[in-house]
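See below for the structure under consideration.
Residue numbers (the numbering used here): 13 to 718.
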């Protein structure tokens, strides 16, 4: 609805785009209205409790927010979570970006202050859809500053329904990105206003928005590098002005101080490499402004001599400073590799990063799936901006180029590309519509002119209709189902709900000791802690690579070696995910090689990836598979009793539907473990570690006590 009111405001102040605006407003009733339905589709279809747990990370965010609202902000900052990373624990307040939790908690507080009693869970569920409306407004404002109001309205409509953003803003998507994209767009809007006006008022607003962005998401480094890049390019293009000087000098100083108030960020803005570009551009801008001041007061010869000496001195100081900080370990030039590493480098040197599906390189299919026709139209909008270049359009050009690069390196960063694609595509469509529908269009003397206008207009409308249909389909089918509840479809089109995850977590909660320790791969740590309320060894925070590698080593070793590791960690239960019965491809066998690689990085003498492949270099689970694989703990826990199961008359017993192979080891027996629980569809399997009378005191704790 906010777009409808916004559209009427635009039309009343921009009559030359009346036809285009009316068209988009008519589409908005169905498009944006349908978008709102799809954003809350999970809440309409499932209970809000299920929706709020729609992914592994979101459950931790909800748990943290609940702790904040129950115990207060300062207690949250000092919260030590004993149920995570056993036996190490985790200081939560200093290891998270608190913006998401504080935002939800503040809304909850205000609503209850107004006697509108709501549960914090409901606030968390609907927070992202609410902020998606604010994102549409901020995108309109930014595009209006870059081009005109008609393009701004189109951009707002695009960002409202594009799958690349809806994936992070549906109901139940209680993640940092749900509020961060609004902060990103609004910060950029205020920065453009600051550059255009040179007003400290707008710059302070930009700093406050940047502070909110820093508190919300680690992607704030994109802002603190893009804005300095904008200033640097303006200097190279000889577009220096007092407006640019005032805007950036104020932004850097105030923004730096504000960003350091976030405990998780701390002194990183003055110590890490991803912040050094901002400092360098700030120093360069001060030097440039000083030289401009001297240029009016010195002769040409004196100025050239002083300029040469100043540049040489500055280059020498910067070089020596970088060398010193790198040598002393206070500064690392390789930190950006951790931010967005090349895939080949990450796979070899940082497997914990490369193992995350969101960190994989983006395929061409993903670009089309998330952006559709906008992939083809946004280069035209970029060309229009470059053709009519000014200070703010330099910014959007740099924004587009950098976002395209990072989105190509990592599929997760498609989220940062989506807003600028919507803006530039809106500029392209707006320019075409204004050219063919504008009142100042010269009437062609030939009769073919009106026909060409009609043909072009109809083609543009068809593209927009196809885009709207695609967005609706993708949203309802791909981005509106909670991942904790799976769905399958029968041949007749009827749907089956697979609730194995919640079934297993409920069993853990009801049938295990309150202090039981559960070992699983880190993907499921947050859900086990949140839904089963049991202690975990590793979780999605992945802050301790050595601890994760130890769990990976246990999963990759034979039962006896794994039992020694589990005894040292006081493990009571082991939880795995197995998709061989229903054909679920996201199970632990398909993730197993990442466990091996991470374990090999810390324990190269005990674990070698090559041992899990056949002599021909194949990873197989059938009889031709590697003996090391067929006898490791993960394989045995996944396929225990599976060799006795015949799924249908066309396949032999023990046929894995995910790998399309008959397993090679059907005679699996355990010495140190026993099956405790297997869910209805065999998706979740839990094993109890036998206590053979030995001391269960963790070796970590024994060392600490000694």
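Beta carbons: idealized from backbone N, C-alpha and C, even for Gly. Predicted, not measured: the structure shown is a model, and the values here were computed from it.
Residue i, buried or exposed, once every other Cβ within 10 Å from all chains shown has been counted against 16
| i | result |
| --- | --- |
| residue 127 | exposed |
| residue 309 | exposed |
| residue 197 | buried |
| residue 38 | For residue 38, the predicted model reports a pLDDT of 39, less than 50, meaning its position is unreliable and no value from the coordinates is stated. |
| residue 293 | buried |
| residue 419 | buried |
| residue 320 | exposed |
| residue 95 | buried |
| residue 600 | buried |
| residue 72 | buried |
| residue 679 | exposed |
| residue 574 | buried |
| residue 696 | buried |
| residue 483 | buried |
| residue 638 | buried |
| residue 477 | exposed |
| residue 227 | buried |
| residue 331 | exposed |
| residue 434 | buried |
| residue 397 | buried |
| residue 186 | buried |
| residue 81 | buried |
| residue 576 | exposed |
| residue 224 | buried |
Nearest residue (CA-CA) to residue i, options the options
| i | options | result |
| --- | --- | --- |
| residue 607 | 624, 593, 597 and 595 | 624 |
| residue 183 | 436, 701, 234 and 70 | 70 |
| residue 487 | 180, 136 and 443 | 180 |
| residue 247 | 406, 538 and 87 | 406 |
| residue 178 | 142, 159, 199 and 262 | 142 |
| residue 393 | 432, 601 and 382 | 432 |
| residue 421 | 526, 370, 110 and 167 | 370 |
| residue 173 | 90, 151 and 122 | 151 |
| residue 544 | 231, 429, 208 and 526 | 526 |
| residue 373 | 474, 169 and 417 | 417 |
| residue 265 | 281, 250, 275 and 274 | 281 |
| residue 518 | 539, 502 and 644 | 539 |
Close beta carbons around residue i, own chain, < 6 Å, minus the five adjacent residues each side
| i | result |
| --- | --- |
| residue 564 | 607, 610 and 611 |
| residue 163 | 155, 438, 439 and 442 |
| residue 698 | 585, 587, 688 and 689 |
| residue 464 | none |
Range of the contiguous alpha helix (DSSP H) that encloses residue i
| i | result |
| --- | --- |
| residue 523 | 512–523 |
| residue 491 | Where residue 491 is concerned, there is no enclosing alpha helix (DSSP H), given that its DSSP letter is neither H nor E. |
| residue 280 | Element bounds for residue 280: n/a, residue is neither H nor E. |
| residue 610 | 600–614 |
| residue 564 | 557–568 |
| residue 240 | 232–248 |
| residue 285 | That residue, residue 285, is in no alpha helix (DSSP H); it is neither H nor E in DSSP. |
| residue 97 | First-last for residue 97: undefined, no H or E at that position. |
| residue 271 | 254–271 |
| residue 596 | It is not in any alpha helix (DSSP H) - residue 596 carries neither H nor E in the DSSP assignment. |
| residue 148 | 132–158 |
| residue 399 | 386–399 |
Identified DSSP bridge partners for residue i
| i | result |
| --- | --- |
| residue 698 | 587 and 689 |
| residue 171 | Partner(s): none; residue 171 has no beta bridge. |
| residue 547 | 529 |
| residue 508 | 500 |
| residue 674 | 667 |
| residue 721 | What the structure shows of the chain is the stretch from 13 to 718, and residue 721 is not part of that stretch, so it cannot be assessed. |
| residue 92 | 103 |
| residue 218 | In DSSP, residue 218 forms no bridge with anything. |
| residue 644 | 570 |
Proximal residues to residue i (C-beta, below 7 Å), its chain only, five neighbours per side dropped
| i | result |
| --- | --- |
| residue 315 | 306 and 307 |
| residue 205 | 157 and 214 |
| residue 189 | 180, 229 and 427 |
| residue 202 | 214, 217, 218 and 221 |
| residue 46 | Unreliable placement is indicated for residue 46, whose pLDDT of 45 sits below 50; the coordinate value is still reported in the next sentence. If we look at residue 46 and ignore the five residues flanking it on each side, its Cβ neighbours are 484. |
| residue 236 | 287 and 290 |
| residue 363 | 606, 609, 610 and 613 |
Neighbourhood of residue i by C-beta distance below 8 Å, restricted to the same chain and skipping five residues each side
| i | result |
| --- | --- |
| residue 468 | 444 and 448 |
| residue 659 | 593, 667 and 669 |
N- and C-terminal bounds of the beta strand (DSSP E) containing residue i
| i | result |
| --- | --- |
| residue 530 | 529–531 |
| residue 109 | Unbroken run through residue 109: none, as it is neither H nor E. |
| residue 498 | 498–501 |
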